[in-house]
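Numbered according to mature numbering (1 follows the signal peptide of the UniProt record, and there is no 0), the sequence shown spans residues -19 to -1, 1 to 327.
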Amino acid sequence: MKLCLFILVSFALYCSSESSNIQNHLGSRTPYRLKGNKNDSQIKYPNCKDSKIWMVIRHGTRYPNAKDITKINTRLKELKLEILLRHRLGKGELSDEQIKKIESWTWDLDLDKEKFLTLEGQDEMIILAERTRKRFPGAVKEKYDNQTFLFRYTATQRAQQSARYFANGLFDKKEAQDVIFSPAAKVDTVLRTMEYYQDLKYYWMDGYGHDLTYRQACVSIKNMFENFSSKGGPSASFLFTHSGTILKILTHLELFKPRSHLRGDKNVPDRTWRASDIDCFGANLALVLYRCKGVDYVLALHQERVVKLPMCEKELCPLKTLKEYFHKSIYECDYTDMCSLKKDDL
Ligand SMILES: *[C@@H]1O[C@H](CO)[C@@H](O)[C@H](O)[C@H]1NC(C)=O
Ligand SMILES: *[C@@H]1O[C@H](CO)[C@@H](O)[C@H](O)[C@H]1NC(C)=O
Ligand SMILES: *[C@@H]1O[C@H](CO)[C@@H](O)[C@H](O)[C@H]1NC(C)=O
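Here it is in structure tokens:
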């Protein structure tokens, strides 16, 4: 089923000249190019200065896993030959131009590149970094300094490379080489919530379906509050992670919550919980600390667009309000405790 869909989508993308529609709906495989906000003007509020940023970023577009690579190298190529053969026999309705494109299509990828960051993914990170720096010049300084910047990623090639290319987008070549990345930990509860392996599935696994799944994100939320509450520490923290974790953080912050649970027996066309929109490659959530006449406020941005947190009155939300609201996440966040819960609690 997944493979069929993949093949269908690949060919559709390939053949269709009006492909933008399909590209927008590839679920968690949607490239970021179609989702980011190209407006990179500085985000200003009167009498306020952006002083810190805490941003979680899903790695950029990656190659398929080994199983899918194998299938592309075999089944997809068989399909290509089949289509060309049928066309020669006068079957099908593809135009000459489409046939030519299929004819020239080829794809060779070694299995050892499975899940590696692609060229598209590298570009996504560079451009995202450039825009982020322009938007928040107070928090994201122009010059690299190992005390001001913090880069952290999970122990995977795609997250590590995403961090690297993001740094390349922030600094000039020479400076980017000096960037220090926090060593990746095997188990990193800030960056990686419990490992589970499209909208409906993620909703129940990582979203509002179960309490426990998104409660784990308290570890990340707590980290953000600690950073924002301390005078020192890095002013720009960039954390590179994976799909499940971003979704759990969004859920923990009560963003994109549908009015009722998503179900298999009913499609809700205007649902806010949509993997293509909220969980594409490069998906990101930024929380920015603004200091306004001595008072701290937090601004949230999802996919580089300002969003109002539901527990706040305005976009620019007092840090104090958030700390009160998330009191439990900060003071009663015990990951080991949650994850030792028995199956019947799930
Ligand atoms: C771009 O973003 C800035 C800052 O948020 C905003 O003031 C401006 O109206 C935006 N420009 C466009 C064309 O949307
Ligand atoms: C951080 O930067 C300072 C000043 O540029 C430098 O002296 C120090 O060695 C750096 N720390 C590390 C761990 O590289
Ligand atoms: C801020 O967050 C980073 C990244 O997780 C963490 O390593 C650092 O200790 C935090 N700093 C402060 C002052 O809370």
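For glycine and all other residues, C-beta sits at the position ideal for the given N, C-alpha and C.
Distance CB(residue i)-CB(residue j) smaller than 8 Å
i, j, result
"I230", "S201", "yes"
"T135", "L109", "no"
"K203", "C314", "yes"
"L290", "S218", "no"
"R39", "T222", "yes"
"F262", "P12", "yes"
"L266", "I227", "yes"
"A120", "D21", "no"
"I83", "L57", "no"
"L300", "V287", "no"
"F206", "F307", "yes"
"K274", "N28", "yes"
Opposing strand residues paired with residue i [DSSP bridges]
i, result
"N265", "I38"
"D299", "A small correction: the amino acid at residue 299 is Pro; Asp does not occupy that position in the sequence shown. Paired residue(s): Y278."
"Y306", "In DSSP, Y306 forms no bridge with anything."
"Y271", "D31 and Y278"
"residue 339", "Residue 339 is absent from the model: the chain starts at -19 and stops at 327."
"H283", "L266 and R286"
"R133", "L220"
"F152", "Answer is none; F152 lacks a bridge partner."
"F117", "Beta-bridge pairing links F117 to no other residue."
"F147", "None, per the DSSP bridge assignment."
"F162", "F132"
Selection from the options that minimises the alpha carbon distance to residue i
i, options, result
"D159", "N127, A166, S143 and A144", "N127"
"V37", "R272, E296, A165 and A144", "A144"
"R139", "Q103, N18 and W86", "Q103"
"M106", "T51, F152 and R69", "F152"
"I24", "D169, R114 and Q79", "R114"
"residue 373", "L7, Y26, D49 and K61", "An answer regarding residue 373 cannot be provided, because it is not within the stretch -19 to 327 covered by the chain."
"K212", "L270, D169, K167 and K155", "L270"
"Y312", "T302, D169 and C199", "C199"
"L60", "D77, G41 and W86", "W86"
"W35", "L220, E294, E305 and G73", "L220"
"K52", "K81, W88, M292 and H68", "W88"
"K124", "E156, L100, Q79 and R272", "E156"
"L15", "E294, E101 and T129", "E101"
"A264", "S163, I80, E294 and S224", "S224"
"K96", "T55, K72, R133 and G41", "G41"
Contact belief for residue i with residue j at Cβ below 8 Å, rounded distance in angstroms
i, j, result
"K33", "S310", "Not a contact, Cβ separation roughly 19 Å."
"K94", "Y44", "5 Å"
"S9", "D277", "Wrong, their Cβ atoms sit about 34 Å apart, outside the cutoff."
"L92", "A165", "The Cβ separation is near 23 Å, so there is no contact."
"Q142", "L90", "With 8 Å as the limit, Q142 and L90 do not qualify as a contact, their Cβ atoms being about 16 Å apart."
"L75", "H68", "6 Å"
Three or more C-beta pairs under 8 Å: does that hold for the stretch 280 to 293 against the stretch 220 to 237? yes
Exercise for the section: Would you be able to state if there are at least three C-beta pairs under 8 Å between the stretch 148 to 157 and the stretch 94 to 112? Expected result: yes
*Going along the chain, which residues put their C-beta within less than 5 Å of some heavy atom in ligand 4?*
Ligand 4 is not part of this structure, which contains only ligand 1, ligand 2 and ligand 3.
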